[in-house]
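Numbers given in my numbering equal positions in the sequence shown, counted from 1, plus 304.
Here a beta-carbon is modelled for each residue, glycine too, at the ideal position from N, C-alpha and C.
Working notes, beginning with the structure itself.
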Amino acid sequence: MKRSNRDGSLAVFPGSFDPITNGHLDIVDRGLRLFDRVRMAILVNPDKQPLFTVEERVAIIREAYRGNPRIEVDTFSGLLVDYAQRVGASVIIRGIRAISDFEYEFQMALMNRRLNPQIETVFMMPAESYSYVSSRLVKEVFQLGGRVTDVVPPVVERRLSDKYGTPVRRTPAAPRARRRGRAHQAGGGHEA
Ligand code: PNS
């Protein structure tokens with residue numbers, strides 16, 4: 305799939321990325337196996353109320369990928385296919401986690417093809433361990449005090465903590481039975 309021109313092949317990975325998750329990062333890694341450069345393109349959508357501003361989302365992605373020249377970050381408004389053409393990308397990458405994603409993605413891919421047949425959409429599947437991860441759930445879980453350590457990069461956890469003014473939860477809650485067992489071994493604690 306790698307097509308070489310002077311600057312190498314470029315694929316655009318568009319999205320809201322509010323915020324990025326490890327599922328997004330997994331898709332970028334996979335994209336880099338096929339293309340020389342992947343450009344994450346954040347949609348500027350005045351109709352949506354995001355948690356992070358566009359500038360914050362750009363900064364988060366830059367920090368997550370600090371130093372990797374093959375990953376670029378940009379913002380766009382208007383039609384995605386127009387943006388892709390403007391930056392010289394002939395491929396759009398989208399991640400599909402489950403069948404439930406497919407219908408919407410399929411519609412978008414076909415509409416984009418109709419709008420510009422020169423631009424191809426490539427669907428990629430993230431690792432199964434991220435198949436349930438979404439930006440929306442990450443925000444909800446964090447806001448309610450849950451742990452998101454394994455599903456987002458550290459910079460996102462830190463930014464979520466700043467945004468909500470709540471601390472990062474480091475360790476998973478121990479199951480009740482185990483907690484009782486430990487207390488018992490240590491000679492303290494009573495069975496409830
Ligand atoms: O992360 P998201 O919110 O699922 O990303 C959706 C996105 C940004 C890929 C989509 O809304 C988009 O491409 N918007 C740009 C406007 C456009 O081209 N619309 C026609 C799509 S067929």
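Measuring only the C-alpha atoms, how far is residue i from residue j?
i, j, result
"F339", "P318", "15 Å"
"R341", "V358", "21 Å"
"V456", "R473", "13 Å"
"A393", "A363", "23 Å"
"S465", "K352", "22 Å"
"P471", "N326", "20 Å"
Relative to the C-alpha of residue i, which residue among the options is closest?
i, options, result
"I403", "E432, T470, V332", "E432"
"E407", "R418, V445, F427", "F427"
"L355", "P458, D405, L329, F321", "F321"
"Y387", "V316, T470, E461", "V316"
"R370", "G469, E424, V452, L329", "L329"
"Y436", "N416, G469, D405, L448", "D405"
Can residue i and residue j be called in contact, C-beta distance under 8 Å?
i, j, result
"V374", "L336", "Inspection of the sequence shows that residue 374 is occupied by Arg rather than by Val. In this structure, L336 lies closer than 8 Å to R374 by Cβ."
"R463", "E360", "yes"
"F380", "V348", "yes"
"I365", "V377", "yes"
"P430", "G399", "yes"
"V459", "A368", "yes"
"I324", "V385", "no"
"E444", "T453", "no"
"L383", "L414", "no"
"Y447", "Y434", "Before going further, note that residue 447 is Gln rather than Tyr in the sequence given. No, they are not a contact pair."
Where does residue i fall in DSSP's three states?
i, result
"P458", "helix"
"R343", "strand"
"L314", "strand"
"F446", "helix"
"R473", "coil"
"R451", "coil"
"V348", "coil"
"R463", "helix"
So the beta strand (DSSP E) residue i belongs to, where does it begin and stop?
i, result
"M412", "Note, M412: premise wrong, no beta strand (DSSP E); alpha helix (DSSP H) at 403 to 419."
"V437", "Counting along the chain, V437 falls outside any beta strand (DSSP E), and DSSP gives it neither H nor E."
"M428", "424 to 428"
"G399", "395 to 399"
Between which two residues does the alpha helix (DSSP H) carrying residue i extend?
i, result
"R337", "326 to 338"
"E360", "358 to 368"
"V391", "384 to 391"
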